[in-house]
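Trainee:
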Amino acid sequence: ELIKLDELIYKAQLFSQRLEQRISKLEADPLLSQEELNMKNQQITTLQNELSCRNKSCTTLNSMVNQFM
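Here it is as structure tokens:
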């Protein structure tokens with residue numbers, strides 16, 4: 009059980025890192041037209057929301073692991 013939870017936590021953390029990298033890449037783009045900028049901002053917001061959900065899941069899984077220890 010703990011090994012499976014550990015694997016889930018690892019995958020969640022890895023996915024979170026990838027989302028953070030994608031957000032950083034989107035934010036680092038050179039000057040864009042207003043339409044492109046709006047589209048990028050929507051993508052960033054979506055990714056940030058997904059990242060927040062993943063981080064909450066990771067925190068929950070960590071709490072579960074700590075309860076078993």
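Once you know that position 63 of the sequence shown is 71 in the working numbering, the rest is easy, because the numbers rise by one and skip nothing. All C-beta atoms in this analysis are idealised placements derived from N, C-alpha and C, irrespective of residue type, glycine included.
Under three-state DSSP, which class holds L69?
Mentor: Helix.
Trainee: Tell me whether A20 is buried or exposed, calling it buried when 16 or more other Cβ atoms sit within 10 Å of its Cβ.
Mentor: That one is buried.
Trainee: Note down the Cα distance separating F23 from L55, rounded to an integer number of angstroms.
Mentor: Each residue's alpha carbon lies about 11 Å from the other.
Trainee: Buried or exposed for L69, please, with buried defined as at least 16 other CB atoms from any protein chain shown within 10 angstroms of its CB.
Mentor: Counting Cβ neighbours within 10 Å, L69 comes out buried, since at least 16 surround it.
Trainee: Once DSSP output is grouped into helix, strand and coil, what is the label at A36?
Mentor: Coil, per DSSP.
Trainee: If you reduce the DSSP assignment to three classes, tell me which class S24 lands in.
Mentor: In the structure shown, S24 sits in a helix (DSSP, three-state: H, G or I).
Trainee: Tell me the rounded alpha-carbon separation between Q51 and C61.
Mentor: Those two C-alpha atoms are separated by around 15 Å.
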